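Everything in the sequence shown is counted per the numbering used here, starting at 306 for the first residue and increasing by one. Glycine included, C-beta positions come from ideal geometry on N, C-alpha and C. A quick note: this is a predicted structure, and the numbers were derived from the prediction, not measured.
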Amino acid sequence: MSDVIGKYGAFIVETLAAVAFAIIVLSYVKGGTIARLVQEVLADAIGGGL
């Protein structure tokens with residue numbers, strides 16, 4: 306298991322950082338708060354996924 310973490314750990318961290326950055330940028334573009342944007346994204350994901 307530690308081999309997997311060592312292999313993909315950096316990739317996962319970079320991906321999470323990129324996602325967080327995208328959320329922040331989108332929140333500024335939309336002129337809303339990050340929390341509201343996250344709620345919208347989660348609502349879309351839950352509504353679309355289920």
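CB-CB under 7 Å to residue i, same chain, minus the five flanking residues each way: which ones, in chain order?
i: L331; result: L342
i: I328; result: I339, L342 and V343
i: K335; result: L342
Between the C-alpha atoms of residue i and residue j, what's the straight-line distance to the nearest angstrom?
i: L355; j: V346; result: Bear in mind that a pLDDT of 49 at L355, under 50, signals an unreliable position, so the model cannot answer this.
i: V324; j: D308; result: 24 Å
i: A322; j: G352; result: 25 Å
i: Y333; j: F316; result: 26 Å
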